[in-house]
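Under our numbering, the final residue of the sequence shown carries the number 423; numbering is consecutive throughout. Quick reminder that beta carbons are idealized off the backbone N, C-alpha and C, glycines included. Everything numeric in this text was worked out from a predicted model, so none of it was measured.
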Amino acid sequence: MRSQTTVINAVTGSHSASHSGAPDTEVVIIGAGPYGLSAAAHLRAAGVDVRVFGRPMQFWAEKMPAGMLLRSPRVASNLSSPSSSGTLEAYEATAGLSAKSPLPLETFVDYGQWFQRQFIPNLDYREVVAVEVVESGFRSVLADETAIYSKRVVVAAGIGPFQRIPQEFRSLPDSVVTHCYSGFDVHGYSGRRVIVIGAGQSALESAALLHEAGAEVQIIAKISTLRWIGQHPWLHHLGPISSMLYSSHDVGPAGISRLVASPNLMRHIPLPWRDKIRVRAVRPAGSRWLPARLKDVAIKTSHFAKEARLVGSQVQLKLDDGSVSSADHVLLGTGYSVDISRYAFLTPGLIERVQLMDGYPALQSGFRSSHPGLHFLGATAARSFGPLLYFVAGAEFASSALCSEILKNKAVPR
Ligand SMILES: Cc1cc2nc3c(=O)[nH]c(=O)nc-3n(C[C@H](O)[C@H](O)[C@H](O)COP(=O)(O)OP(=O)(O)OC[C@H]3O[C@@H](n4cnc5c(N)ncnc54)[C@H](O)[C@@H]3O)c2cc1C
10 MRSQTTVINA VTGSHSASHS GAPDTEVVII GAGPYGLSAA AHLRAAGVDV
60 RVFGRPMQFW AEKMPAGMLL RSPRVASNLS SPSSSGTLEA YEATAGLSAK
110 SPLPLETFVD YGQWFQRQFI PNLDYREVVA VEVVESGFRS VLADETAIYS
160 KRVVVAAGIG PFQRIPQEFR SLPDSVVTHC YSGFDVHGYS GRRVIVIGAG
210 QSALESAALL HEAGAEVQII AKISTLRWIG QHPWLHHLGP ISSMLYSSHD
260 VGPAGISRLV ASPNLMRHIP LPWRDKIRVR AVRPAGSRWL PARLKDVAIK
310 TSHFAKEARL VGSQVQLKLD DGSVSSADHV LLGTGYSVDI SRYAFLTPGL
360 IERVQLMDGY PALQSGFRSS HPGLHFLGAT AARSFGPLLY FVAGAEFASS
410 ALCSEILKNK AVPR
């Protein structure tokens, strides 16, 4: 097998699309977050030749506000390794840390980077800028124009490009409007007026962090009453009955939580039902530790911005009831919409070959897309396998399903 990579001109694309020589590697994984790292750990342990690209835990390290706490319980915040030596607890024991709940962001990032050093020591930090189909499989082009040929590509690239920006904010500059998912330094807003739009975890937690950093914060939410996760704590303390209602991942309400914990079962539920379950399981809500931290924050529910404009250095919002709110900055906690055509590295020719369901790839067992050898993990798989795939907890199922699929069809991707 050829071991060195092939350098070509990525800009002109002066390569052979009919490349049919031996690939450089069996599997290329794009993204070194919880899903990419977990999948790579399983594949390497099974003896599959895999190369992983991206900076370890980059999204968590760079796009989440400092001071954030994970909303997922500790047990659902493990990356997946083929042995128990890769757990959060194993990391904490090695690092001499006491187990904290909720889990601080900084610990989770350090854990993920430790996991990477244990299981994927040969991680390649380079960004993948283009993936296209060649006769022998795929050609992935890196930022320095190196091309890597592989039989399979696994897209584990997260939700970065999927930020949902409401129309009324699109013409305003980044200096006054940012999305929660683009990363921000809460201390930079001390003494400034910030409007946070949204009612989900990132909006509400960002509002709490901004308030604690000395910003004057107002939350504007469309829903009539903010919701909090775990509003019925007694339901979690009924012993075996609670276990029948909730899985340890704690994604979704009683009953639904159990269904969601079985992605293989979710995949066989008719799409309209699956969509209903998915939407219900991840409806906007904040963690139970947030209400106390938001008690001094102005909250306006049942309203939304109809217009947003720049007046001097201020953003002025006209709300649906005709009232006006102004601030130095607007932070959008407006969620994200999966649309794989927004992954800039997927060439249009490749996207055309993937059967889509409103931007999500339609996936089969083993996280296979309709194009042979192309797999998607993480949030992009949630329409096929259910909402567990939006969370770190889904990495365990995804990694072992992907690994079995690849081992089963090692010779020819189907
Ligand atoms: C504010 C917020 C809070 C959240 N809290 C939780 C929580 O508490 N618990 C939980 O389970 N989930 C939480 N989530 C969801 C979380 O995003 C996912 O659980 C998790 O990140 C999924 O892992 P991933 O590997 O799919 O994606 P990511 O963690 O986003 O990793 C993908 C990586 O791929 C890299 N990448 C992208 N494109 C390329 C490229 N072309 N080349 C190389 N690398 C590339 C990115 O830089 C990124 O680091 C939260 C999300 C947000 C936004």
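Within the same chain, and ignoring the five residues on either side of V186 in sequence, the residues whose Cβ sits closer than 6 angstroms to its Cβ are F178, V339. The DSSP-derived three-state label of R60 is strand. Fewer than three pairs of CB atoms, one per stretch, sit closer than 8 angstroms, so the region 387–403 makes no contact with the region 55–71.
For P249, the three-state secondary structure derived from DSSP is helix.
The alpha-carbon separation between G223 and Y190 amounts to approximately 21 angstroms.
Residue environment: P65 is assigned as buried (16 or more neighbouring CB atoms within 10 Å of its CB, all protein chains considered).
Taking C-beta atoms under 8 angstroms as the contact rule, D259 and P130 fail to qualify, at a distance of about 33 angstroms. Residue side-chain check: V36 keeps its Cβ at 7 angstroms or more from all non-hydrogen atoms of ligand 1. Counting the other CB atoms within 10 Å of its CB gives V37 a total of 16 or more, which places it among the buried residues. A distance of 8 angstroms or more separates the beta carbons of A336 and I206. Contact check for Y158 and V143: beta-carbon distance about 7 angstroms, within the 8 angstroms limit, so the pair qualifies. P43 has its CB nearer than 7 angstroms to a heavy atom of ligand 1. For the options A270, F117, S90, T310, the alpha carbon positioned closest to that of D329 is the one of T310. Secondary structure of L299 (DSSP, three-state): helix. Contact between G344 and L213 is ruled out by a C-beta separation of about 13 angstroms, above the 8 angstroms threshold. In the three-state reduction of the DSSP assignment, T187 falls in the strand class.
Q127: not part of any beta strand (DSSP E); member of the alpha helix (DSSP H) spanning 114–128, first to last residue. One Cα belongs to G63, the other to S86, and the distance between them is close to 21 angstroms. Distances taken from the Cβ of E115 to the heavy atoms of ligand 1 include none shorter than 7 angstroms. One Cα belongs to D284, the other to L274, and the distance between them is close to 14 angstroms. Per DSSP, the beta-bridge partners of E316 are K327.
Within the chosen limit of 7 angstroms, ligand 1 does not reach the beta carbon of S93 with any heavy atom. Collapsing the DSSP output to three states places L386 in coil. A distance criterion of 7 angstroms places the beta-carbon of I129 beyond contact range of ligand 1, judged by its closest non-hydrogen atom. Annotation: the region 164–232 contains the following complete segments of the alpha helix (DSSP H) (minimum length 4 residues), in chain order: 210–221.
Counting of Cβ neighbours within 10 angstroms places G200 among the exposed residues, the total staying below 16. Contact holds between the region 36–55 and the region 390–408, because three or more Cβ pairs, one in each stretch, are under 8 angstroms apart. Your pair S90 and F117 does not check out as a contact, with CB atoms roughly 15 angstroms apart and the cut at 8 angstroms. As a beta-bridge residue in DSSP terms, V333 pairs with K327.
Look at K285 here: in three-state DSSP terms it is helix. Here V164 has I39, F385 as same chain residues with Cβ atoms under 6 angstroms from its own Cβ, once five neighbours each way along the sequence are excluded. Rounded to the nearest whole angstrom, the CA to CA distance from S266 to R289 is 10 angstroms. Proximity of the beta carbon of W69 to ligand 1 is indicated: a heavy atom of the ligand is located closer than 7 angstroms. Of F394, G382, L112, E98, the smallest CA-CA separation from W282 is found for F394. With a cutoff of 8 angstroms on beta-carbon distance, I415 and V57 are scored as near each other.
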